[in-house]
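*Asks:* Just dropping this structure here.
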Amino acid sequence: MTAEEGSLSAAARALNMTQPTLGRQVSALEQELGVSLFERVSGRLQLTGSGLELLAHVKAMGDAANSLSLSASGRAEAIEGDVCISASEAVAAYILPPIIAKLRDHAPGIRVEIIASNDSSDLLRREADIAIRAYQPKELELIARKLKDINVHMYAARAYLQQWPQPRTITSLAKADFLGFSKSDELIDELSKSGFALEQSNFPVSVSNHLVQWELVKQGLGIGFMLENVGDKEPLVERAFADLPAFATPSWLVVHRELNTSRRLRMVYDFLAKHLN
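In terms of the numbering used here, the sequence shown opens at residue 1209 and continues consecutively.
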């Protein structure tokens, strides 16, 4: 924990201990092992070479201890209770369902609530237990695990794209209709980084709900965004720009530090991490 937090005071808070007590335990461990585990660099504690060598073994021991705890207290089927998962509308609708089905088979005592929203749930206020986010949280009370990036492309109905000349490029589709979200200004600024020169006139329709936007795309109202593994399988649409690389969206699995004391959250968190990757 001290290695993760970077200071004795932060680690002590996370472990619900006093800083002097934790400091004595670290010193005692260093004396017993005969090595220095930490050194102070720019005001933060960092692992020494010896500490880094031991870290992998400590993590393996922690994973083994968690597995032993689950086995000693009963199988996953014996874990029960409520778990609230927050995810974006597209992730909740298209990525989570098969994973939740497997989770129900694995742990039938778990009752799952899904918050499908493009707004981030506040885990500190317990609006959700676990969140799938597109950014790494900065709050010290939260734990985050990096997942694989989610690829997103721009799609349009085949019938809509037939009216535009080939090859379809950013320039040739400069006057096309795009389907925006509630804040088109932010989208225009973000797309400009990829070479688009769009204006508000390119967004005749904006909608805050991603699933509604996707239906508008399929019905030929313009160009919109969707996850690669969803859009590529939809027969009514195709990628608007075949040569444009995917927008790689970061993905993080986030949970409160209560994870360290809750078998229920630990099991669901690890299950999601395994299947989301």
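Heads up, the beta-carbon is just placed ideally off N, CA and C, and yes, glycines get one too.
(1) Given this structure, state the Cα-to-Cα distance separating Asn1485 from Leu1467, to the nearest angstrom.
(2) So what does Asp1290 bridge to, in DSSP terms?
(3) Please report how far the alpha carbon of Ser1414 lies from the alpha carbon of Gln1421, in whole angstroms.
(4) Tell me the DSSP bridge mates of His1361?
(5) Per DSSP, what kind of secondary structure is Glu1347 in: helix, strand or coil?
(6) Are there 16 or more other CB atoms within 10 angstroms of the CB of Gln1371, so buried, or fewer, so exposed?
(7) Give the single residue among Leu1444, Ala1236, Ser1296 and Lys1383 whose Cα lies nearest to the Cα of Asn1410.
(8) Check the C-beta distance from Arg1471 over to Ile1287 and give it rounded, since I have them as a contact under 8 Å.
(9) Nearest CA to the CA of Leu1173: which residue from Ala1324, Ile1351 and Gly1403?
(10) Assuming contact is defined by CB atoms lying nearer than 9 Å, are Tyr1363 and Gly1439 in contact in what I supplied?
(11) Can you give the Cα-Cα distance for Ala1448 and Val1360, rounded to whole angstroms?
(12) If contacts are defined as beta-carbon pairs under 8 Å, then Ile1340 and Val1291 qualify, I think. What distance do you get, rounded to the angstrom?
(13) Take Pro1453 and list the residues in its own chain whose beta-carbon comes closer than 7 Å to its own, dropping the five residues that flank it on each side.
(14) Only counting the same chain, and skipping five residues up and downstream in sequence, which positions put a Cβ closer than 6 Å to that of Arg1474?
(15) Quick check: Gln1408 and Asp1385, are their CB atoms within less than 9 Å of each other?
(16) With distance defined between alpha-carbon atoms, name the residue in Ala1315, Lys1346 and Val1320 nearest to Asp1330.
(17) Between the C-alpha atoms of Pro1305 and Leu1480, what's the straight-line distance to the nearest angstrom?
(18) Looking at the ligand ADP, does it come within less than 8 Å of Thr1457, judged from the CB to the closest heavy atom?
*Replies:* From the atom records:
(1) Taking the sequence shown and counting its residues from 1, the one referred to as residue 1485 is at position 277. Taking the sequence shown and counting its residues from 1, the one referred to as residue 1467 is at position 259. Using only the alpha carbons, I get a separation of about 20 Å.
(2) Numbered from 1 along the sequence shown, position 82 holds the residue referred to as residue 1290. Asp1290 is bridged to Arg1319.
(3) Here residue 1414 is taken as the residue at index 206 of the sequence shown, counted from 1. Here residue 1421 is taken as the residue at index 213 of the sequence shown, counted from 1. Each residue's alpha carbon lies about 8 Å from the other.
(4) Sequence index remark: in the sequence shown, residue 1361 carries index 153 (1-based). Partner(s): Met1434.
(5) For the purposes of this step, residue 1347 is identified with residue 139 of the sequence shown, where counting begins at 1. Note: Glu1347 maps to coil in three-state DSSP.
(6) Locating residue 1371 in the sequence shown gives position 163, where the first residue counts as 1. Per the 10 Å Cβ criterion, exposed.
(7) Mapped onto the sequence shown, residue 1410 falls at position 202. Per the Cα distances, Lys1383.
(8) Residue mapping note: residue 1471 aligns to position 263 of the sequence shown, counting from 1. Residue mapping note: residue 1287 aligns to position 79 of the sequence shown, counting from 1. Correct: roughly 6 Å between the Cβ atoms.
(9) Residue 1173 lies beyond the residue range present for the chain, which begins at 1209 and ends at 1485; the question has no answer from this structure.
(10) Within the sequence shown, the letter at position 155 stands for residue 1363. Within the sequence shown, the letter at position 231 stands for residue 1439. Yes, the pair counts as a contact, with Cβ atoms nearer than the cut-off.
(11) By 1-based counting over the sequence shown, the position of residue 1448 is 240. By 1-based counting over the sequence shown, the position of residue 1360 is 152. So the two alpha carbons sit approximately 12 Å from each other.
(12) Numbered from its first residue, the sequence shown carries residue 1340 at position 132. Numbered from its first residue, the sequence shown carries residue 1291 at position 83. With a Cβ gap of about 13 Å, Ile1340 and Val1291 do not count as contacting.
(13) Position 245 of the sequence shown holds residue 1453. Closer than 7 Å at the Cβ level, and outside the excluded window around Pro1453, lies no residue.
(14) For the purposes of this step, residue 1474 is identified with residue 266 of the sequence shown, where counting begins at 1. Excluding residues within five positions, the ones whose Cβ falls inside 6 Å are Leu1467.
(15) If you number the sequence shown from 1, residue 1408 lands on position 200. If you number the sequence shown from 1, residue 1385 lands on position 177. No; because the gap between Cβ atoms is not below 9 Å, this pair is not in contact.
(16) Counting from one through the sequence shown, the residue named residue 1330 turns up at place 122. Of the candidates Ala1315, Lys1346 and Val1320, the one whose C-alpha sits nearest the C-alpha of Asp1330 is Lys1346.
(17) Start at 1 with the first residue of the sequence shown, and residue 1305 comes out as number 97. Start at 1 with the first residue of the sequence shown, and residue 1480 comes out as number 272. For Pro1305 and Leu1480, the distance between alpha carbons rounds to 12 Å.
(18) Within the structure as shown, the ligand ADP is missing, as the structure has no ligands at all.
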